[in-house]
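The sequence shown begins at 67 in this note's numbering and counts up by one.
Here the structure is laid out as structure tokens; the discussion comes afterwards.
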Amino acid sequence: MSLVEQFVTSFGNFKGYRKLATLGFGKSFVFLLVFLIVVSVICGLKFAATINQVIDAIVVNIPDFVLARGTLTLIPNIPVRYELGSQVLIIDTTGDTTAEEFVASYRDGLFIGPYQLILMSQGRAQMLPWSELNPTQAPVTRDDFIEMLDVVKPWRFLAIPVYFVVKLIVKLLHILILSIAALVLNSIIGSQYDYPKLWNISLYAMVPITLLETVKTVADLPVPFWKGLYWLGALGIVAVVLIKLKKTPTEDAAQAGEAGLVEPTAGGSAGGSGSAGAGSSQPPVVL
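Okay, structure coming up:
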């Protein structure tokens with residue numbers, strides 16, 4: 067099967083999983099690599115575009131400031147707020163918006179406060195105290211900061227290979243967990259698949275779920291309980307596949323017969339030879 071055929075078959079063609087399950091490890095792993103490369107490029111470009119927009123917004127909107135001794139002071143000391151879609155940039159050293167309020171109110175954005183910088187990404191906060199960013203305690207001005215952003219900006223495309231490596235490790239771990247769950251489902255449902263085939267089924271079951279995850283990330287859609295839905299969807303696909311591919315005794319015998327694995331029974335063999343003997347006997351000669 068080509069890579070395109072493997073991709074198409076993984077979407078809803080549950081009986082087609084019978085063929086996917088028999089693919090060698092090398093072929094299925096190459097498919098996983100190519101699929102994750104495409105996903106990483108899409109998500110990496112989205113991340114790079116977002117970073118580019120955030121940096122441009124900072125350059126345009128950031129006022130004059132002085133960062134010294136771990137404390138940021140704006141000149142004049144007036145809060146700045148900028149929104150771009152679901153992204154928000156807040157620069158506030160007055161205390162009108164605190165770090166705690168920002169983390170509780172926003173899923174994506176950047177908060178620049180008097181003592182720290184906070185980056186929110188899909189509800190997860192990363193904090194950087196100014197004392198760690200400027201350990202020398204030498205004063206830093208707006209012009210110094212813009213020069214630093216100009217240096218950082220070209221490196222935003224490093225998100226693509228980094229995302230790919232992280233995604234590959236995470237997906238392999240998820241496939242491992244799903245294949246172990248597939249062993250339990252295999253026993254409950256009564257299918258007769260060994261672990262390598264269950265690994266392949268789990269791998270391809272992750273494809274539509276990962277594609278949905280990519281759409282959610284690129285479109286920046288907040289989906290409640292996504293992690294639970296993610297695993298329920300993957301387990302559901304594996305369960306449906308195992309049910310659809312469960313072989314009945316009649317199907318097993320038919321497949322074995324087509325492969326030439328069923329030997330004729332003793333009675334059938336004897337009957338055949340008897341018929342041959344009867345057919346070859348000559349009528350008695352009457353004198």
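Ideal placement from N, C-alpha and C gives every residue a C-beta, glycine not left out.
Does the distance from the CB of residue i to the CB of residue j come in under 8 Å?
i, j, result
"L69", "N266", "no"
"L234", "L86", "no"
"E205", "L138", "The displayed chain sequence assigns Pro, not Glu, to residue 205. No, the pair does not count as a contact, with Cβ atoms beyond the cut-off."
"Y229", "S106", "yes"
"S94", "P274", "no"
"L249", "A305", "no"
"K219", "I121", "yes"
"A225", "A114", "yes"
"M193", "I241", "no"
"G294", "W196", "no"
"A165", "I184", "yes"
Give me the Cβ distance between residue i and residue j, rounded to the nearest whole Å; I'm assuming they're in contact under 8 Å.
i, j, result
"L308", "S253", "That belief does not hold up - the Cβ atoms of L308 and S253 are roughly 10 Å apart, past 8 Å."
"R173", "P290", "Wrong, their Cβ atoms sit about 12 Å apart, outside the cutoff."
"N127", "L155", "7 Å"
"K81", "L244", "With 8 Å as the limit, K81 and L244 do not qualify as a contact, their Cβ atoms being about 20 Å apart."
"T356", "K237", "Residue 356 is absent from the model: the chain starts at 67 and stops at 353."
"Q153", "G175", "5 Å"
In whole angstroms, what is the alpha-carbon distance linking residue i and residue j?
i, j, result
"G92", "A300", "22 Å"
"Q72", "L111", "25 Å"
"D162", "R147", "11 Å"
"W297", "V231", "21 Å"
"L269", "I246", "12 Å"
"V169", "K263", "45 Å"
"E213", "P227", "25 Å"
"T159", "V125", "18 Å"
"F177", "V96", "41 Å"
"N79", "I157", "51 Å"
"P129", "D209", "10 Å"
"R84", "L278", "23 Å"
"N118", "R222", "8 Å"
"L140", "V132", "7 Å"
"T280", "V104", "10 Å"
"F211", "G302", "50 Å"
"P142", "V100", "52 Å"
"V284", "S187", "13 Å"
"A191", "S171", "12 Å"
"V74", "V217", "42 Å"
"Y259", "M67", "20 Å"
"G333", "L239", "In this prediction, G333 scores a pLDDT of 44, lower than 50, which makes its location untrustworthy; no coordinate-derived value is stated."
"A134", "L98", "49 Å"
"W292", "E198", "34 Å"
"Q182", "A123", "19 Å"
"D286", "E167", "22 Å"
"L215", "I255", "57 Å"
Starting from residue i, trace the alpha helix (DSSP H) in both directions and tell me its first and last residue.
i, result
"T116", "F91 to N127"
"R84", "Y83 to A87"
"L224", "From DSSP, L224 is part of no alpha helix (DSSP H); its letter is neither H nor E."
"F73", "L69 to T75"
"I144", "Counting along the chain, I144 falls outside any alpha helix (DSSP H), and DSSP gives it neither H nor E."
"N79", "Premise fails: N79 is in no alpha helix (DSSP H) and is neither H nor E."
"S268", "Y261 to A285"
"K310", "W292 to K310"
Starting from residue i, trace the beta strand (DSSP E) both ways and give me its first and last residue.
i, result
"T137", "T137 to I141"
"V132", "D130 to A134"
"L155", "Q153 to I157"
List, from N- to C-terminal side, the beta strand (DSSP E) runs of 3 residues or more that fit wholly inside the segment 168–220.
175–178, 182–187 and 190–195
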